[in-house]
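Novice:
There are 2 protein chains.
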Amino acid sequence: MTPCYPDGRKFVPAEKRAKRKIPSAANRGMGFEKDINDTNGYYLEKGLALIYKRPTPINIVKVDYAHGAKITQAYFEAQSTTDYNGVYKGHYLDFEAKSTRSKTSFPLGNIAPQQVRHLRNVQKNGGIAFFIINWYAHGETYILDASYVCDFYECKPRKSIPYRDCQKNGHLVKEGYRPRYDYLPLVERFFLK
Amino acid sequence: MTPCYPDGRKFVPAEKRAKRKIPSAANRGMGFEKDINDTNGYYLEKGLALIYKRPTPINIVKVDYAHGAKITQAYFEAQSTTDYNGVYKGHYLDFEAKSTRSKTSFPLGNIAPQQVRHLRNVQKNGGIAFFIINWYAHGETYILDASYVCDFYECKPRKSIPYRDCQKNGHLVKEGYRPRYDYLPLVERFFLK
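Taken in order, these protein sequences are the chains called X and G. Residue numbers are given in the numbering used here: position 31 of the first sequence equals residue 31, and the series is strictly consecutive. The number in the numbering used here is simply the position in the second sequence, starting from 1, with 193 added.
The structure is reproduced here in structure tokens:
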């Protein structure tokens, strides 16, 4: 008989529990984010581009000035722009990097309305705007023009972008060791005209 | 006899205290910063440019996840890049805005070494980098190429940039009601070749 906890849950040995562990949406995102940051670090080192990760905005409520401006109460806020921006050959780049575990579609719930507004503004001012979407289950990553994603977001034919549409309208990012996600050649080819 | 506080300080009536108050460096900076933010707001509204103020970086030490990810201990950090970046006609812009009360020179102590490194990187990648320096006492504001300031910073012929050098090598920003500091025409004229 399988041993049980007092509350009736089946006992699972530690080594099996570790195997079964599925990374949470946030942790998966963090891994992908780290890889994009490493890629940007590589680009900076090689003098190819200067791309920064914007910090998560923080709403500061209380500051204790008696102890060297120590913030004692603050909260994370939703990003009002995108995660990344920077410069490549003088051109302004702005993008959002997202990872999804779904095999079939990328949920638009991952994108905030103010991000769509921001990306539209970037394009209106001549900047290059796109999404980098990582399909965790397929082991594939695509670069997608922000116009395509924003149009889809605003017209809402569906609440998510199908994997096939992403394949068809996006461009597959070459993966490697360094840089991890080599997206700049695609920017050069498809966004600089 | 002039009345005194118990610790010997001279008593100054409230109305006189208010008159004597000189804005601190931080407060003066805040006023100028606000004016630059308003200018950028005007540019965005008119569809001329998209320029963002980067938030002051914060080093988060403790987060209380039991109460909705409340940050309970954090500290302000020095800006590792500059205060502003964005896009103008597709070009990447990056600048630092500073105000000085001095009549004779702009102290380089206002600039951090990592900011100089950052501005050099921006220029290496084809971006437009500059300083906007407000001379509070003269009621004048100049735009100065980052190369000039960074060269001055690194060669250190002096510990501050003389007002006359700023006048000679910079370009006077037209001031008005809206936009408060109209620096874009100078970017167009002197930085877009």
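All C-beta atoms, glycine included, are put in the ideal place defined by N, C-alpha and C. Since the structure is predicted, the reported quantities are computational estimates derived from the model, not experimental observations.
Taking C-beta pairs closer than 7 Å, name the residues in chain X that G/His284 reaches, listed in chain order.
Specialist: Simply Gly90, Tyr92.
Novice: Can you say whether G/Tyr258 is buried or exposed, counting buried as having 16 or more other CB atoms within 10 angstroms of its CB?
Specialist: Exposed is the call here.
Novice: Quick check: is the beta carbon of X/Lys21 nearer than 8 Å to any beta carbon in chain G?
Specialist: The predicted model places X/Lys21 with a pLDDT of 47, which falls under 50 and marks its position as unreliable; any figure quoted below should be read in that light. No, because no Cβ of chain G sits closer than 8 Å to the Cβ of X/Lys21.
Novice: Taking C-beta pairs closer than 8 Å, name the residues in chain G that X/Gln73 reaches, listed in chain order.
Specialist: Lys263, Ile264, Thr265, listed in chain order.
Novice: May I have the straight-line CA-CA distance separating X/Tyr148 from X/Lys168, to the nearest angstrom?
Specialist: Cα-Cα distance, rounded: 11 Å.
Novice: Taking 8 Å as the cut-off, does the region 110-120 of chain X touch the region 79-89 of chain X (at least 3 CB pairs, one atom from each stretch)?
Specialist: Judged by Cβ distances under 8 Å, the region 79-89 of chain X makes contact with the region 110-120 of chain X, as three or more pairs qualify.
Novice: Counting only C-beta atoms, is X/Thr82 closer than 8 Å to chain G at any point?
Specialist: No, X/Thr82 lies away from the interface with chain G (no Cβ there is under 8 Å from its Cβ).
Novice: Can you list, in chain order, the residues of the region 118-135 of chain X whose Cβ is nearer than 9 Å to any Cβ on chain G?
Specialist: Under the 9 Å Cβ criterion, the region 118-135 of chain X contributes His118, Asn121, Val122, Lys124, Asn125, Gly126, Gly127, Ile128.
Novice: Can you find a C-beta in chain G that's less than 8 Å from the C-beta of X/Leu44?
Specialist: Taking Cβ atoms only, chain G reaches closer than 8 Å to X/Leu44, which makes this a yes.
Novice: Look at the alpha carbon of G/Thr293 and the alpha carbon of G/Tyr277, and state the distance between them as a whole number of angstroms.
Specialist: The alpha-carbon atoms of G/Thr293 and G/Tyr277 are separated by roughly 18 Å.
Novice: How long is the line joining the alpha carbons of G/Asn318 and X/Tyr88, rounded to whole angstroms?
Specialist: G/Asn318 and X/Tyr88: Cα-Cα distance of roughly 6 Å.
Novice: According to DSSP, is G/Asn327 helix, strand or coil?
Specialist: Strand, per DSSP.
Novice: With a threshold of 8 Å between beta-carbons, can G/Phe384 be considered close to chain X, or not?
Specialist: No - not a single Cβ of chain X is within 8 Å of the one on G/Phe384.
Novice: To test your reading of the DSSP string, which unbroken beta strand (DSSP E) runs of 3 or more residues are found completely within the region 80-163 of chain X?
Specialist: Whole beta strand (DSSP E) segments, 3+ residues: 84-88, 91-100, 105-107, 128-135, 140-145, 160-162.
Novice: When burial is assigned at 16 or more other CB atoms within 10 Å of the CB, is X/Asp145 buried or exposed?
Specialist: X/Asp145 should be labelled buried.
Novice: Closer than 8 Å, Cβ to any Cβ of chain G: which residues of the region 145-177 of chain X, in chain order?
Specialist: The residues in question: there are none.
Novice: With a threshold of 8 Å, are at least 3 pairs of Cβ atoms found where one atom belongs to the region 282-292 of chain G and the other to the region 318-327 of chain G?
Specialist: The answer is yes - the region 318-327 of chain G touches the region 282-292 of chain G, with three or more Cβ pairs under 8 Å.
Novice: For X/Val173, count neighbouring Cβ atoms within 10 angstroms of its own Cβ and tell me buried if that reaches 16, exposed if not.
Specialist: Buried is the call here.
Novice: Return no unless some Cβ of chain X is closer than 8 Å to the Cβ of G/Asn387.
Specialist: The shown model of chain G, from 194 to 386, leaves out residue 387 of chain G, and the question about it has no answer.
Novice: Checking contacts by CB at 8 Å: is G/Ile251 closer than that to chain X?
Specialist: True, the Cβ-Cβ gap to chain X drops below 8 Å.
Novice: Within the continuous beta strand (DSSP E) that includes G/Val254, where are the two ends?
Specialist: Element bounds for G/Val254: 251-257.
Novice: Note the first and the last residue of the continuous beta strand (DSSP E) segment covering G/Phe383.
Specialist: It is not in any beta strand (DSSP E) - G/Phe383 instead sits in the alpha helix (DSSP H) that spans 377-383.
Novice: Cβ atoms of X/Phe190 and G/Ala262: under 8 Å apart, would you say?
Specialist: No, the Cβ-Cβ distance between G/Ala262 and X/Phe190 is not below 8 Å.
Novice: Give the DSSP-derived three-state secondary structure of G/Leu365 in the structure shown.
Specialist: In the structure shown, G/Leu365 sits in a strand (DSSP, three-state: E or B).
Novice: Can you tell me which of X/Asn134, X/Arg158, X/His171, X/Glu45 puts its alpha carbon nearest to the alpha carbon of X/Gly109?
Specialist: With distances taken between Cα atoms, X/Gly109 lies closest to X/Arg158.
Novice: Work out the CA separation of X/Val63 and G/Asn252 for me, nearest whole Å.
Specialist: If you take the alpha carbons of G/Asn252 and X/Val63, they lie about 14 Å apart.
Novice: Chain X beta carbons: is any one of them nearer than 8 Å to that of G/Leu243?
Specialist: Answer yes: the Cβ-Cβ gap between G/Leu243 and chain X drops below 8 Å somewhere.
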